[in-house]
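First up is the structure itself, then whatever we jot down about it.
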Amino acid sequence: MSDSRAASGAVVEARGLVKSYGKIEAVRGIDLAVRPGEVFGFLGPNGAGKSTTISILCTLLRPTAGQALVAGIDVTRDPGGVRSRIGLVFQDPSLDDQLTARENLEFHAFLYNVPRAERRTRIDGVLEMVELKDRESSQVKTFSGGMKRRLEIARGILHYPQVLFLDEPTLGLDPQTRSHIWAYLDDLRKREGITLFMTTHYMDEAEFCDRIAVIDHGKIIAQGTPDELKAMVGGDVVVVTTREVVAAADQIRRAFELEPIVDGGRLRVEVPDGASFVPRLVRELTVPLSAVTLSRPSLDDVFLKLTGHAIRDEGAGQMDQMRSMVAMWSRRGRR
Amino acid sequence: MSAQGTRAAPLTRHATVDTRGATLRAIYMIWRRDLIRFWRDRIRVVGSLAQPLLFLVILGTGLSSALRGAGGGAFRGGLDYQTFMYPGIIGMAVLFSSIFSGMSIIWDREFGFLKEVLVAPIDRSAVAIGKTLGGATQATFQGVILLLLAPFVGVKLNPLAVLELLGLTFCVSFALAAVGVAVAARMRSMMGFQFVLNFLVQPAFFLSGALFPVTGLPAWMTALTRVDPLSYGVDPIRRVVLEASGVPSPVLDQLSMTLSGHVVPIAVEVGILLAFGLVLMGVAVLSFRHQD
Numbered sequence: 044m045s046d047s048r049a050a051s052g053a054v055v056e057a058r059g060l061v062k063s064y065g066k067i068e069a070v071r072g073i074d075l076a077v078r079p080g081e082v083f084g085f086l087g088p089n090g091a092g093k094s095t096t097i098s099i100l101c102t103l104l105r106p107t108a109g110q111a112l113v114a115g116i117d118v119t120r121d122p123g124g125v126r127s128r129i130g131l132v133f134q135d136p137s138l139d140d141q142l143t144a145r146e147n148l149e150f151h152a153f154l155y156n157v158p159r160a161e162r163r164t165r166i167d168g169v170l171e172m173v174e175l176k177d178r179e180s181s182q183v184k185t186f187s188g189g190m191k192r193r194l195e196i197a198r199g200i201l202h203y204p205q206v207l208f209l210d211e212p213t214l215g216l217d218p219q220t221r222s223h224i225w226a227y228l229d230d231l232r233k234r235e236g237i238t239l240f241m242t243t244h245y246m247d248e249a250e251f252c253d254r255i256a257v258i259d260h261g262k263i264i265a266q267g268t269p270d271e272l273k274a275m276v277g278g279d280v281v282v283v284t285t286r287e288v289v290a291a292a293d294q295i296r297r298a299f300e301l302e303p304i305v306d307g308g309r310l311r312v313e314v315p316d317g318a319s320f321v322p323r324l325v326r327e328l329t330v331p332l333s334a335v336t337l338s339r340p341s342l343d344d345v346f347l348k349l350t351g352h353a354i355r356d357e358g359a360g361q362m363d364q365m366r367s368m369v370a371m372w373s374r375r376g377r378r
Numbered sequence: 005m006s007a008q009g010t011r012a013a014p015l016t017r018h019a020t021v022d023t024r025g026a027t028l029r030a031i032y033m034i035w036r037r038d039l040i041r042f043w044r045d046r047i048r049v050v051g052s053l054a055q056p057l058l059f060l061v062i063l064g065t066g067l068s069s070a071l072r073g074a075g076g077g078a079f080r081g082g083l084d085y086q087t088f089m090y091p092g093i094i095g096m097a098v099l100f101s102s103i104f105s106g107m108s109i110i111w112d113r114e115f116g117f118l119k120e121v122l123v124a125p126i127d128r129s130a131v132a133i134g135k136t137l138g139g140a141t142q143a144t145f146q147g148v149i150l151l152l153l154a155p156f157v158g159v160k161l162n163p164l165a166v167l168e169l170l171g172l173t174f175c176v177s178f179a180l181a182a183v184g185v186a187v188a189a190r191m192r193s194m195m196g197f198q199f200v201l202n203f204l205v206q207p208a209f210f211l212s213g214a215l216f217p218v219t220g221l222p223a224w225m226t227a228l229t230r231v232d233p234l235s236y237g238v239d240p241i242r243r244v245v246l247e248a249s250g251v252p253s254p255v256l257d258q259l260s261m262t263l264s265g266h267v268v269p270i271a272v273e274v275g276i277l278l279a280f281g282l283v284l285m286g287v288a289v290l291s292f293r294h295q296d
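Those protein sequences? They're chains A and B, same order as listed. Using my numbering, count along the first sequence one by one with no gaps and you end on 378. Using my numbering, count along the second sequence one by one with no gaps and you end on 296.
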C-alpha cells in the first residue's frame, strides 16, 4: 500500500464519498482534505450527513462510492490499519459504567496494544490531563455527563492516534461543561500535536476550528477558515426587526436593490459598509421599526446565506436526530 | 514536527502487530471484563440461584414425597427423586446463566460499550470468543456453587468427582454460552432476545432430562431430547454425581442417555457438547464479522 499522504499532505482525505441506503442518499459526494495538526470542524444541522461521513472515515460504515484515506490508509482496504491510528469519541457514551475509570482505560490500552511498559504511565498521563486522576478508582456510573465525556476523550487519545474523531463531543452538556471540554481539547492539541476532526451543530464551537466544512443535505456547500467563510457574507450584517416584514423587504429592495433574507420577524441584509448604511436605511423605511442591529458576520449568517435556513440548536438527543433524518429523507422522497 | 517524530515509534510498532496476538489479548480482556462485572454484581449472582433452589427444594421435596406416597416406594432403582433431580438443577442453573450472559451483548449494544469493542483494531472473532468464554466461566461458577448443596440431597462427592463435575459443567456452559452469544449477535433489542429465549430455553430445560429420565419416552419426545444439547450435559453430570454417591451401575445405565439402544459414553457426550459449542461460536464469529 503506497503512502498517499505524500501526494496531498492530508491526514484525512475523502474523494467523492457517497453513502446511500436504498434510494436515499445520506451522503452525496463529499470531498475534503484535513491537514495534519489542524482542528477541522464539520458543521451542519442534524441529519445533514455528518455522522454518516464520520462513520465512513472511522471504518464503521462502508461507502457506497468514493474513496477515503485516513493517515494515508484506505478505509475500505485496511480498516484495521486505520482503526489503530485513530481515536474516537462517539456522540453517545460508550463507557462501561460498571468498571472504574482506570479499568475502562486498561481495557482500551489492551485492545489497542499500548506497549506494556508504557501502559501505566500513559493511563496516568491521560487521566491527569482530563483531571480525573483522583477519581480513577470510582465506577463510571458515579460520574457526571461531563466527567464521562472527559474520560472518553482521555480514552480516545490513549493509544497515540494521529487523528481524533469527535462526533458532537459536547452534545447534551451544559454550557459551562462545554467550555471546559473545549479547554481540554485545546490543551490536548497543543501537547500531543494531534489532528482533531469533529462534527458539531453549535456555531460558537465551530469558531474554535482552524477550518470548517459546512454540510447540508449530504453535500459540502462551503469550506474554509471561519474568517474565509465569514468573508463570503460580504461585509456587515444589518438586521431589521419589524412587524411589517413584507413591506419592509419591499422597500429595501426598491431603495437599495438588495435582496433581504427573511428570518422570522427579522430581515437581514449584507452591506459592505454597515455604519453608513444604517442611517440611510432608517431614512428610507416608512414602516415602523422596533430594532436595527449592525454586526460583523457570524457563522450563523454564513449558514443562513448558504442554505437559506438557520441551523437550530435543537436539544438533540438521538431521537431528534432520527426525526430530522426521517424528515430529510421524506422531503427528498417527494421530489 | 519533532513531536511527530517521537510519536512515530509506537505507531510503526502498531503497524506490524501480529493479529493473532492482538486477538488473544482482546479475548482475554473481554473475558476479564465479564468476570469483573460478575464479581461486582454479586447480588444478581445470588439472586439467579433462587429459581434452581426453588425447583430443588420445593418441587424436589414435593415430587419426592408424592412418588413415595404413590406406592412406588421410591423413584426408579430405589433412588430418591430429589437425588435424581439434583444434577438436573445444576444443569438448569448453568442453562439460565450461560444463555443470559448473551444478553449482556445486547445490553452493551444498547448502552454503547459494544461500539468501543467493535471499532478496535482487533479481529471481531475476539468478541464472540471472549464473550462465550466469559459466559461459560460465569455459568460454570453458578453450577459449581450448587455443589455445596450436595450433602442436603443425599449426595456424597469426592475430590475426583468434583474435578470431573467442574470439567463437565464447563463443557455444558461453553456449549450453551455459545448459543446465547450466537443469538445475541444478531439481536438488536432485549425484547427480541427474550422472545427467542422463551422458545429456546424453557423447552431446552424440560427436554434435557433434568426432571425425568430421557429413556422410555414416546418416540417423538425421545427424538426431541436427543437434539437438546443440554441433555448431553445433564446426563454425564448425573452419572458422576450418582456414581460418587454409590448408586450401582445397572441402575445408572437404566437412567442414562442412549442413542439407538446403547448407553452413550461420557467422552462422546463431552465431544458432542464441545463440537456444538464450537459450531455456534463459529456462527457468532461470522455474525460479528459481518456487522457495521
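Note that CB positions come from ideal geometry on N, CA and C, so glycine has one too.
- Short of 6 angstroms from the beta carbon of A/Gly130, and not among the five residues preceding or following it, lie these beta carbons of its own chain, in chain order: Gly199, Ile200, Pro204 and Leu207.
- Judged by their CB atoms, B/Ala208 and B/Val287 are not nearer to each other than the 8 angstroms cut-off.
- Counting only runs of 4+ residues, the alpha helix (DSSP H) found wholly inside the stretch 18-60 of chain B occupies 23-44, 46-51 and 54-58, in chain order.
- A/Leu131 belongs to the set of residues whose beta carbon lies under 8 angstroms from a beta carbon in chain B.
- Contact between A/Ser137 and A/Asp210 is ruled out by a C-beta separation of about 11 angstroms, above the 8 angstroms threshold.
- Secondary structure of A/Gly317 (DSSP, three-state): helix.
- Spanning the alpha carbons of A/Thr242 and A/Gly84 requires a straight line of approximately 6 angstroms.
- In the displayed model, A/Ala108 falls within a strand according to three-state DSSP.
- At least one CB atom of chain B sits nearer than 8 angstroms to the CB of A/Tyr155.
- Taking the C-beta atoms as reference points, A/Ile166 is found nearer than 8 angstroms to A/Leu148.
- By the Cβ rule, the stretch 258-276 of chain B counts as touching the stretch 211-228 of chain B, because three or more pairs are nearer than 8 angstroms.
- By the CB criterion at 8 angstroms, A/Thr238 and A/Gly80 fall inside the cutoff.
- A Cβ-Cβ contact shorter than 8 angstroms links A/Gly92 with A/Ile258.
- Within the stretch 256-288 of chain B, no residue has its Cβ closer than 7 angstroms to any Cβ of chain A.
- DSSP places B/Val148 in the uninterrupted alpha helix (DSSP H) bounded by Ser129 to Ile149.
- Listed along chain B are Met33, Ile34, Arg36, Arg37, Glu120 and Val121, each with a C-beta nearer than 9 angstroms to that of A/Phe150.
- Residue range Val55 to Tyr64 is occupied by the beta strand (DSSP E) that includes A/Tyr64.
- DSSP, reduced to helix, strand and coil, places B/Met261 outside both helices and strands of the structure shown, so it counts as coil.
- By the neighbour-count criterion, in which a residue is buried when 16 or more other Cβ atoms sit within 10 angstroms of its Cβ, B/His266 is exposed.
- B/Trp111 has its alpha-carbon roughly 8 angstroms from the corresponding atom of B/Met194.
- Taking 8 angstroms as the threshold, the shortest C-beta distance from B/Pro125 to chain A falls below it.
- Secondary structure at B/Leu215: coil, using DSSP grouped into helix, strand and coil.
- Beta-bridge pairing by DSSP links B/His266 to B/Leu263.
- Neighbours of A/Asp135 in chain B, taken as residues whose beta carbon is under 9 angstroms from its own, are Phe115, Gly116 and Lys119 in chain order.
- Taking a Cβ-Cβ cut-off of 8 angstroms, the neighbours of B/Ile40 in chain A comprise Gln141, Leu142 and Glu146, given in sequence order.
- Taking a Cβ-Cβ cut-off of 9 angstroms, the neighbours of B/Arg29 in chain A comprise Phe153, Leu154 and Asn156, given in sequence order.
- Look at B/Ala189: its C-beta is not under 8 angstroms from any C-beta on chain A.
- Taken through DSSP and simplified to helix, strand or coil, B/Ile126 comes out as coil.
- According to the DSSP secondary-structure assignment, A/Ser341 is paired through a beta bridge with no residue.
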